[in-house]
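The letter at position 133 of the sequence shown is residue 132 when you use numbering that gives the first Met the number 0, and the numbering goes up by one with no holes.
Idealized CB from N, CA, C, for every residue including glycine.
Keep in mind it's a predicted model, so treat the numbers as computed, not measured.
So the structure is just underneath, and the comments pick up after that.
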Amino acid sequence: MKTPVENAAACSRTRPPHGILRSVQSKAKLVLDGKEIDLPVTIGSEGEVGIGISKLRSQTGAITLDPSFANTGACESAITFIDGERGILRYRGYDIADLAEHASFPEVCHLLIHGRLPTRSEREDYRTRLTRHSLVHEDMKKFFEGFPPSAHPMAILSAMIASLSAYYPEQETPEEIELNIIRLLAKAKTLAAFSYKKSIGQPFIYPQNDHSYLENFMLMMFAVPSEPYTVEPVVRSALNKLLILHADHEQNCSTTTVRTVGSGGANLFASVSAGVSALWGPLHGGANQAVIEMLQRIHDDGANYGKYVDLTKSKDEGFKLMGFGHRVYKNFDPRARILKQAADEVLANLGVNDPLLEIAKRLEEVALADDYFIERKLYPNVDFYSGILYRAMGIPTNMFTVMFALGRLPGWIAHWLEQRNTPDGRISRPRQIYTGETARPWVPLDER
Ligand code: ACO
Numbered sequence: 000m001k002t003p004v005e006n007a008a009a010c011s012r013t014r015p016p017h018g019i020l021r022s023v024q025s026k027a028k029l030v031l032d033g034k035e036i037d038l039p040v041t042i043g044s045e046g047e048v049g050i051g052i053s054k055l056r057s058q059t060g061a062i063t064l065d066p067s068f069a070n071t072g073a074c075e076s077a078i079t080f081i082d083g084e085r086g087i088l089r090y091r092g093y094d095i096a097d098l099a100e101h102a103s104f105p106e107v108c109h110l111l112i113h114g115r116l117p118t119r120s121e122r123e124d125y126r127t128r129l130t131r132h133s134l135v136h137e138d139m140k141k142f143f144e145g146f147p148p149s150a151h152p153m154a155i156l157s158a159m160i161a162s163l164s165a166y167y168p169e170q171e172t173p174e175e176i177e178l179n180i181i182r183l184l185a186k187a188k189t190l191a192a193f194s195y196k197k198s199i200g201q202p203f204i205y206p207q208n209d210h211s212y213l214e215n216f217m218l219m220m221f222a223v224p225s226e227p228y229t230v231e232p233v234v235r236s237a238l239n240k241l242l243i244l245h246a247d248h249e250q251n252c253s254t255t256t257v258r259t260v261g262s263g264g265a266n267l268f269a270s271v272s273a274g275v276s277a278l279w280g281p282l283h284g285g286a287n288q289a290v291i292e293m294l295q296r297i298h299d300d301g302a303n304y305g306k307y308v309d310l311t312k313s314k315d316e317g318f319k320l321m322g323f324g325h326r327v328y329k330n331f332d333p334r335a336r337i338l339k340q341a342a343d344e345v346l347a348n349l350g351v352n353d354p355l356l357e358i359a360k361r362l363e364e365v366a367l368a369d370d371y372f373i374e375r376k377l378y379p380n381v382d383f384y385s386g387i388l389y390r391a392m393g394i395p396t397n398m399f400t401v402m403f404a405l406g407r408l409p410g411w412i413a414h415w416l417e418q419r420n421t422p423d424g425r426i427s428r429p430r431q432i433y434t435g436e437t438a439r440p441w442v443p444l445d446e447r
């Protein structure tokens, strides 16, 4: 069977099947204005049921209406499985807890993108390639000079990733597509670290080929030319976990963006750059920054948890407990559980006493015992504890969402490939129910 990368290379010519395990079994019946039609039902490999409505409009003239797509399956996907009710998250069948415990981030990149864990030699080869392609074209360094020091690193990352397409145009063969994927994974961390160095006025630090993926990132972020720098093993291990936990989350806002942009035929760099922008908002990846700002606010206000829990209930205030709630998880977010434990371990190991960790834990207790949160099934999500870990590692608050983006890269890439491989891969183009003015005559300027 072809790999996802080989399929992506061939797709524009042959559109081969992409090997997703599924079955079409029973039919659903829909009655509209007395007319009855059959709709096909697709069952996924974990028993998820989808009612096919692709022919609905041609058969009835009607469309489905599902703002924010909470009940819409946009695609079939073989990458990540989530059961929000049972708190299950698996990448390519592997449980997230096993991956966070045993895998390295590059291994998870390989798993998501190629569909299977690398062998020993493939792992070595992957690691070498991810290091050797870390350098960015020297001309790209000039772009950094154009940004003001106050520029948010997400703005720089998005612009820089889109700019990579100017240096590495879209390729056709599997080897060329694979090379661009490696380039993106390898260079994104360099671009992220350079954007931080730019914001604090320090010289850029170049990656070292004898360093691992994560060590190189830490080196480029925190080293200065005037003294040696070593990465604390506990920090490296926590960063590895964080990136793995963020690596994919099926059809979330940013991944859907990547697939949508990719469906128009846009290249890998352009599609992923759009994903970075989509991730930025505080309801999505920007929540990790917003959580720390909220915890700081609660801390400065005398740690009055009840006041902030009550504030969330008064809708007029527009205040939400950041890092709480999830579109899919309605029981618990398995990633948040892993990170809560990791936060305890890492802070203890580093000898960091962060009052915000205590505030986060107390706030969680108060919120989880409150009827408002119980009724709405609101639990801490992955971003509730991730910011505390990043802080302990010395990563500045405005870089938190960039860290999320680095972790999510392999997921975006895997989905871009899968979208490209879809046999009937049509451009994403939803419809709407128009609620504006009906036809009216032109009004000349003097009569308005
Ligand atoms: N604090 C207080 N109330 C909340 C919160 C929250 N964090 N989240 C949801 N609610 C309430 C809503 O106001 C709504 O109440 P209502 O029924 O009285 O109107 C109810 O819970 C259902 O919430 P929705 O907004 O419909 O849930 P949705 O699935 O659309 O949103 C989201 C999910 C965006 C994550 C939301 O919970 C939220 O804004 N959380 C805070 C931001 C955050 O942490 N984002 C990170 C998400 S994880 C990620 O992207 C990596």
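- Bridge pairing for glycine 49: Thr41 [DSSP].
- Apart from sequence neighbours up to five positions away, the residues of its chain that approach glutamine 288 with a beta-carbon distance below 8 Å are Pro281, Gly386, Thr396, Asn397, Phe399 and Thr400, ordered along the chain.
- As DSSP reads the structure, arginine 89 sits in a beta bridge with Phe80 and Asp94.
- When secondary structure is reduced to three states using DSSP, lysine 329 falls in the coil class, being assigned neither helix nor strand.
- Membership of glutamate 231 in any alpha helix (DSSP H) is not indicated, and neither H nor E is assigned to it by DSSP.
- When distances are taken from the beta-carbon of phenylalanine 323 to the heavy atoms of the ligand ACO, the shortest one is below 7 Å.
- Between the ligand ACO and arginine 326, a heavy atom-to-CB distance of less than 7 Å is present.
- Here histidine 248 really is in contact with threonine 79; their C-beta atoms are around 7 Å apart, less than 8 Å.
- In the DSSP assignment, lysine 34 is bridged to Leu31.
- The alpha-carbon of threonine 118 is positioned some 48 Å away from that of arginine 296.
- Between serine 253 and leucine 278, the C-beta gap is smaller than 8 Å, which places the two residues in contact.
- Residues Ala286, Ala289, Val290 and Met293 of the same chain have their beta carbon placed closer than 6 Å to that of methionine 321, with the five preceding and five following residues left out of the count.
- Distance from the CA of arginine 122 to the CA of asparagine 420, rounded to the nearest whole angstrom, comes to 25 Å.
- In terms of CA proximity to leucine 190, Met139 leads the group Met139, Gln58 and Lys329.
- Rounded to whole angstroms, glutamate 357 and leucine 110 show a C-alpha spacing of 36 Å.
- DSSP, reduced to helix, strand and coil, places lysine 141 within a helical segment of the structure shown.
- One Cα belongs to glycine 435, the other to tryptophan 441, and the distance between them is close to 16 Å.
- In summary, leucine 405 is buried, with 16 or more beta-carbon neighbours lying within 10 Å of its beta-carbon over all protein chains present.
- In this structure, the beta-carbon distance from valine 275 to leucine 156 falls below 8 Å.
- Under the DSSP assignment, aspartate 382 falls in the alpha helix (DSSP H) whose first and last residues are 381–391.
- Membership of isoleucine 62 in any alpha helix (DSSP H) is not indicated, and neither H nor E is assigned to it by DSSP.
- With contacts defined by Cβ atoms closer than 8 Å, methionine 220 and arginine 235 do not form a contacting pair.
- Under the 8 Å Cβ criterion, the segment 374–383 does not count as touching the segment 263–270, having fewer than three qualifying pairs.
- Each residue's CA atom was taken as its position, placing valine 40 and lysine 28 some 10 Å apart.
- Judged by DSSP in its simplified three-state form, glutamate 417 adopts helix.
- Comparing C-alpha distances from proline 202 to each of Glu144, Pro168, Glu363 and Leu238 shows the shortest one belongs to Glu144.
- The DSSP-derived three-state label of serine 25 is strand.
- In the DSSP annotation of this structure, tyrosine 205 is not part of any alpha helix (DSSP H), being labelled neither H nor E.
- Unbroken alpha helix (DSSP H) runs of no fewer than 4 residues, entirely contained in the segment 239–266, are found at 252–262, following chain order.
- Proximity of the beta carbon of lysine 26 to the ligand ACO is not indicated: no heavy atom of the ligand is located closer than 7 Å.
- The residues Ile78, Thr79, Leu98, Val107, Leu110, Leu111, Ala246 and Asp247, in chain order, have a CB closer than 8 Å to that of tyrosine 90 in the same chain once the five nearest residues on each side in sequence are set aside.
- Contact between proline 152 and tyrosine 195 holds, with the beta-carbon distance rounding to 6 Å and staying under 8 Å.
- Beta-bridge analysis with DSSP links phenylalanine 323 to Pro379.
- Proximity of the segment 298–315 to the segment 339–349 falls short of the contact definition, fewer than three beta-carbon pairs being nearer than 8 Å.
- The three-state reading of DSSP puts valine 223 in strand, counting E and B together.
- Between the C-alpha atoms of threonine 59 and serine 67 there is a straight-line separation of about 23 Å.
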